[in-house]
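Under my numbering, read the sequence shown as residues 259 to 854, first letter to last.
Don't be surprised by glycine CBs; every beta carbon is placed ideally from N, CA and C.
See below for the structure under consideration.
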Amino acid sequence: MDDEIDTIAAQLGEDLINKILGNESIDVILSCLELEAPIWYQSAAEGISVLHAAAYTRNHDLVKLLIEKGAVWNAVDYLKNTAGDICLSYNDDAIYKEIRDAGIRSELLLGLLEKKPSSDPSALILRAEDITASGSSDAFLNSTLKYTVDETGQDICMLNVEGEDIGVMMGWERNIMDETVHRLCDRHPNAANLKVLNVGFGLGIIDSFFQNLAQPPAEHVIIEAHPDVLKFMREKGWYDRKGVRILEGRWQDFIEGPELLKSGGFDIVYTDTFSEDYGALRQFFEHLPDILADDESCFSFFNGLGATNAFFYDIYTRISEIHLADIGLEVTWADVDVSFDDKEGRWGETREYFSLPLYRLPIGKMKAIDFASWTTSMTIHSLYIYDRQAHCICVYYQDWHRTKRPKPAVEGGILPAVSQAVSAAQQTQNDNNSGLSSGFSSPRNTLSSSTGIVVAMNEGTTQLPNTPLLQPTGPAATLSTGLPFDEEAKLVYGVVISLRNMVRKLSGRDEQFVNYRTSAYKLHLFETITGYRFVMLSDSKTDSLRFVLRQIYVGPFLEYVVRNPLVKMDSREQGVDNEYFRASVDRLIRGLSVFL
Numbered sequence: 259m260d261d262e263i264d265t266i267a268a269q270l271g272e273d274l275i276n277k278i279l280g281n282e283s284i285d286v287i288l289s290c291l292e293l294e295a296p297i298w299y300q301s302a303a304e305g306i307s308v309l310h311a312a313a314y315t316r317n318h319d320l321v322k323l324l325i326e327k328g329a330v331w332n333a334v335d336y337l338k339n340t341a342g343d344i345c346l347s348y349n350d351d352a353i354y355k356e357i358r359d360a361g362i363r364s365e366l367l368l369g370l371l372e373k374k375p376s377s378d379p380s381a382l383i384l385r386a387e388d389i390t391a392s393g394s395s396d397a398f399l400n401s402t403l404k405y406t407v408d409e410t411g412q413d414i415c416m417l418n419v420e421g422e423d424i425g426v427m428m429g430w431e432r433n434i435m436d437e438t439v440h441r442l443c444d445r446h447p448n449a450a451n452l453k454v455l456n457v458g459f460g461l462g463i464i465d466s467f468f469q470n471l472a473q474p475p476a477e478h479v480i481i482e483a484h485p486d487v488l489k490f491m492r493e494k495g496w497y498d499r500k501g502v503r504i505l506e507g508r509w510q511d512f513i514e515g516p517e518l519l520k521s522g523g524f525d526i527v528y529t530d531t532f533s534e535d536y537g538a539l540r541q542f543f544e545h546l547p548d549i550l551a552d553d554e555s556c557f558s559f560f561n562g563l564g565a566t567n568a569f570f571y572d573i574y575t576r577i578s579e580i581h582l583a584d585i586g587l588e589v590t591w592a593d594v595d596v597s598f599d600d601k602e603g604r605w606g607e608t609r610e611y612f613s614l615p616l617y618r619l620p621i622g623k624m625k626a627i628d629f630a631s632w633t634t635s636m637t638i639h640s641l642y643i644y645d646r647q648a649h650c651i652c653v654y655y656q657d658w659h660r661t662k663r664p665k666p667a668v669e670g671g672i673l674p675a676v677s678q679a680v681s682a683a684q685q686t687q688n689d690n691n692s693g694l695s696s697g698f699s700s701p702r703n704t705l706s707s708s709t710g711i712v713v714a715m716n717e718g719t720t721q722l723p724n725t726p727l728l729q730p731t732g733p734a735a736t737l738s739t740g741l742p743f744d745e746e747a748k749l750v751y752g753v754v755i756s757l758r759n760m761v762r763k764l765s766g767r768d769e770q771f772v773n774y775r776t777s778a779y780k781l782h783l784f785e786t787i788t789g790y791r792f793v794m795l796s797d798s799k800t801d802s803l804r805f806v807l808r809q810i811y812v813g814p815f816l817e818y819v820v821r822n823p824l825v826k827m828d829s830r831e832q833g834v835d836n837e838y839f840r841a842s843v844d845r846l847i848r849g850l851s852v853f854l
């Protein structure tokens, strides 16, 4: 019975493809589809699909129809050509883009489905899984690597999978790595003191180019997990190089730990791992805002996605650009000529993994915030920092544009060294100094909910000697109103955690909550890789201030808190407030164009 059904399906499929090649009308094609001709079928003689056939006849309307009906965009015929390749051969840009965009949509949707947990136990997402050392990180790390030189003098790092030699890294990539380093480092404003992170050593080609810069990096961190590569690095003296720090393990082992960023963010980040799929690369993308030092920092990766087929290469190049844009990176692309004569014997006996004449080199930079374009009605209200132990403990507080003061925290309600303005001891001082002008910088309405619960109040800024930026500039203080500060801090934390949990349940654990807006205010969140949560409340019309929170973290926080031996981080005994940190944060915030 099954054989009979297969025979009928094959006959209908062959008939459908022949009618498309015969330039039959769209009505005729629709009739075939209504008779359940399989739209996924590929011909027995050549392996062509319905999209191949439509590309051959250059029928744009039919291509659109077939895509709408579910035609397979990435089917490959016996000559390893896709329908997109056929369009390229005809120089048919319009149909090529139609099929390419269908591929991009399909891959983006599949990526979302894979990330989102399904509530339907019968749901199934088909994806080929490679459990060999070429496709599985665990298998790769347990494999044996061989460093050798081929008959042309090319350095090769390879492994053997099921009797086939596969290049992990090969010497022909030198031109790519050389151009990458130049585009990452040339004209970088911090070129004399670069901090560089590279993930995946291989032959050490790109790391050698970094070291051979006119001014070698001040700090050069290399993450590498394979024991054979680490042995090779020791033999070549990389452990003894000045400024080089080697982290032995996977990037996932360090990306959320303090060891990676103990000297702050990086000016240059590059990644080129073996046996990890695009899903892992995209996860690495998500961490870039946390590990790049500032908006002058640059990122690149080895762009070998689908690089044995021009059509697939174009699709995955564009998908990576979309995902980088989602996290705030703008990407520029440069073409590097990697064509070669077959007589050169580039691949030797190894599997070919890049067969195109041009390499698309990506350079990503964080999008700069155009504060000057923001309207004058925008401003910043307050900053909260919470500890990294998930204890709902506020370790720092500071505010600016607020006229109504929170009640001081109840005795024991907050840690010492969070903020003098909201500590329990401040109540008596405020009562005794009620005639003094406050440290509030300008009149703004209190941010409150419809229930009357105040979610953000004002702080009387503590003045430091010889620090003009902290001098009071606002009107006389009003009486303390609203909740005690300890309750307010818990409410803000509760909002953050509730929203974060909601986002993760709806969209999958890889999705992040970054801001939340009401009609009165906007809440911005930045979570560090070490677990601290920076929360800022602003006017509702402001653009994202996540980058500002990140600047506070990589600048004043690392300088005056993390590296300060007097600050008892994670002690649960005191906050992280000190006069240098507070003054530095104040200068940073007041220096923004949005600060009014």
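Please state whether DSSP places residue i in a helix, a strand or coil.
i    : result
P516 : coil
D552 : coil
Q656 : strand
G411 : coil
N332 : coil
G789 : coil
K404 : strand
F467 : helix
L673 : coil
E493 : helix
L783 : strand
N759 : helix
Y811 : helix
E477 : strand
M827 : coil
K322 : helix
I266 : helix
S558 : strand
N276 : helix
Can you grab the Cα-Cα spacing for the pair residue i / residue j, in whole Å?
i    : j    : result
A268 : K404 : 47 Å
A476 : H440 : 17 Å
G495 : N822 : 34 Å
Q770 : H310 : 40 Å
R825 : I463 : The sequence as given places Val at residue 825; Arg does not occur at that position. Between V825 and I463, the C-alpha separation is close to 41 Å.
F612 : D408 : 18 Å
S829 : E837 : 20 Å
G752 : H446 : 41 Å
L782 : L619 : A quick correction: the sequence has His, not Leu, at residue 782. Roughly 33 Å separates the two Cα atoms.
V668 : L741 : 10 Å
N690 : A583 : The pLDDT assigned to N690 is 45, lower than 50, so where the model puts this residue is not dependable, and the model offers no usable value.
G552 : A302 : Position check: residue 552 holds Asp in this sequence, whereas Gly was assumed. Computed Cα separation, rounded: 56 Å.
I638 : F792 : 14 Å
I651 : K453 : 33 Å
P474 : D350 : 47 Å
Name the residue from the options whose alpha carbon lies nearest to the alpha carbon of residue i.
i    : options                : result
R556 : I577, E356, N456, T566 : Checking the sequence, you will find Cys at residue 556 rather than Arg. With distances taken between Cα atoms, C556 lies closest to N456.
S681 : W430, D645, E746       : E746
H545 : W509, P664, T776       : W509
S777 : S796, G789, F792       : S796
T788 : G586, I549, Y818       : I549
I755 : Y790, Y654, L741, F512 : Y790
N786 : A592, I306, D553, Y811 : What sits at residue 786 in the sequence shown is Thr, not Asn. The residue with the shortest Cα to Cα distance from T786 is Y811.
G305 : D335, G537, K500       : D335
I585 : V834, V761, A472, F543 : F543
F743 : T575, K665, V820       : K665
For the beta strand (DSSP E) holding residue i, just list the boundary residues, first then last.
i    : result
D423 : 422-428
Y595 : The sequence shown places Asp at residue 595, rather than the Tyr named in the question. 587-595 is the extent of the beta strand (DSSP E) around D595.
G849 : Taken as a continuous stretch (DSSP letters only), G849 belongs to no beta strand (DSSP E), as it is neither H nor E.
L619 : 616-624
H639 : 638-644
T438 : Where T438 is concerned, there is no enclosing beta strand (DSSP E), although the alpha helix (DSSP H) it sits in stretches over 432-443.
L505 : 502-506
What span of residues does the alpha helix (DSSP H) with residue i cover, start to end?
i    : result
K932 : Residue 932 lies beyond the range of the chain shown here (259 to 854); nothing can be said about it.
S347 : 341-348
Y574 : 568-584
L309 : 308-315
I284 : 284-292
Shorter than 7 Å from the beta carbon of residue i to some beta carbon of chain B?
i    : result
I672 : Here chain B cannot be found, since the structure has a single protein chain.
Stretch pair the region 271-281 + the region 307-322: three plus CB contacts closer than 8 Å: yes
Any 3 or more C-beta pairs closer than 8 Å across the region 575-593 and the region 524-531: no
Segment contact, 8 Å Cβ cut-off, at least three pairs: the region 834-848 with the region 651-661: yes
Segment contact flag, the region 497-514 with the region 419-435, C-beta cutoff 8 Å, min 3 pairs: no
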